[in-house]
Each structure stands twice: as structure tokens, then as C-alpha cells.
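Visitor: Sequential numbering of the sequence shown, starting at 1147, is according to the numbering used here. The beta carbon of each residue, even a glycine, is placed where N, CA and C say it ideally should be.
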Amino acid sequence: MKWDFFDKALAALASMTVAVMAVMIAVREPEAKTPVARSETARAYAQTGIDSDAARKLIDAGMLDNAEMMLRNALTSGFSDPQAYALLADIASRRIDLGGAVRYYRDAVNMNPDYVDKRSGVFIGKKINVAANEAIREFKARVAVNGDDAEAREGLKVAYYLKRMIAGSCQ
């Protein structure tokens, strides 16, 4: 078969197209190794320094003061993260500060209602329910002793609010 001008031009165009595509793939290769769609939260973690995995490891190791300081510093930098509030609630629960725990859980649930949705991957409703039940028990006893205890009354409101959120009767 003899190649005329159009055959040569077509072959040259096809080889240039393949070469351009190869260059584009080579240029995009580093991008392909990183996650294509990073969530807004992940970008915010990178900007503010909130590292929930490191905080969780500190909490599990019993270094509650270090974890709390890290989370509070990150939150005071202007970024509100529901996971940071959930971790602060976990710290408060471990310190048996039930009022603080239910308030932090309320803040976390208000920012991310998936925490009380059983179908979500971030469901922590069981932990919230335990904290709310313990808080209700403690605050009811405090109100029975001193009916004017405003902190206990507020704690009861927050704990019952969390129970409603878990039950799904509140939005």
C-alpha cells in the first residue's frame, strides 16, 4: 500500500493526538494519587490544624488535658467542627462532667445531625444516650435537693433535648 499525502497527514495527526494525551496523563498522574474530591471539612482541617485522629489517640491514651487543649485551640481559631465538639464531649464524659458532656454533644449534634442518625457512618447515638441518661439521673437528684439549681435545670433541658434528637422526634 502506498501512502499518499492525506494518509501521512492522518497518521501524523493520530500520533500527535496520542502524544498529547500521553503528556496530559503524565501531568495529571500526581493529582490522580491524591483524593479527587476533598471535603470542605478536610480542607478546613488542613487550614486550622484540627487533627481529630491525633486527638482521639490522645484521649485513648488518657492524655485528656493535651487533647482538650489541642481541640480548644483549634476551635478558638474560628473553625467550628462538630467532631471536635464530640471529642470534647467524650473528654468531659471521661472526667465525669456530665453537664459539659451533654452541652458538647448538643453542639456536635446541632452542627451534624448525622451523629444521631443510625443509617449514617458517624452515628454516636449510643454514647450520647448513655451521657444523657447519666446526666438526667444526676441533674434530677440535684434539683430534688435544691430546686433553685439553675445549672441542673439547664442540664436537664439539654439532656432531654438530646434524647428527643436520638428518638427522632426533634429536627
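Give the secondary structure of Ser1223 by DSSP, where H, G and I count as helix, E and B as strand, and everything else as coil.
Guide: As a working mapping, residue 1223 is identified with position 77 in the sequence shown. Three-state DSSP puts Ser1223 in coil, outside helix and strand.
Visitor: Would you mind giving the Cβ-Cβ distance between Asn1087 and Leu1204, rounded to the nearest angstrom? I have them listed as a contact below 8 Å.
Guide: With the chain running from 1147 to 1317 in the structure shown, residue 1087 is simply not present.
Visitor: Keeping to the same chain, check which residues put their C-beta closer than 6 Å to that of Gln1229; ignore five residues upstream and five downstream.
Guide: Translated into positions along the sequence shown, residue 1229 becomes position 83. Excluding positions up to five away in sequence, the list reads Ser1198.
Visitor: From which residue to which residue does the alpha helix (DSSP H) around Ile1205 run?
Guide: As a working mapping, residue 1205 is identified with position 59 in the sequence shown. Where Ile1205 is concerned, the enclosing alpha helix (DSSP H) stretches over 1198 to 1206.
Visitor: Would you decide whether Asp1227 is buried or exposed? Buried here means 16 or more other CB atoms lie within 10 Å of its CB.
Guide: In the sequence shown, counting from the first residue as 1, residue 1227 sits at position 81. So Asp1227 counts as buried.
Visitor: Determine the DSSP secondary structure at Lys1148, reduced to helix, strand or coil.
Guide: Taking the sequence shown and counting its residues from 1, the one referred to as residue 1148 is at position 2. Lys1148: coil per DSSP, three-state reduction.
Visitor: Measuring alpha carbon to alpha carbon, tell me which residue in Ala1298, Arg1265, Met1215 is nearest Gly1314.
Guide: The sequence position of residue 1314 within the sequence shown is 168, counting from 1. Nearest C-alpha to Gly1314: Arg1265.
Visitor: Taking all protein chains shown into account, do 16 or more other C-beta atoms lie within 10 angstroms of the C-beta of Arg1223, making it buried, or fewer, making it exposed?
Guide: Your numbering for residue 1223 matches position 77 in the sequence shown. Arg is not the amino acid found at residue 1223; the sequence shown has Ser there. Classification for Ser1223: exposed.
Visitor: By the three-class DSSP mapping on this structure, what secondary structure does Ser1161 have?
Guide: If you number the sequence shown from 1, residue 1161 lands on position 15. Helix at Ser1161.
Visitor: Could you pull out every unbroken alpha helix (DSSP H) segment of at least 4 residues lying fully inside the stretch 1208 to 1295, listed in chain order?
Guide: 1210 to 1222, 1228 to 1240, 1244 to 1257, 1271 to 1291
Visitor: Using the three-state DSSP reduction, which class does Gly1314 fall into: helix, strand or coil?
Guide: On the sequence shown, position 168 is the one that residue 1314 refers to. Residue state for Gly1314 is assigned as coil, using DSSP reduced to three classes.
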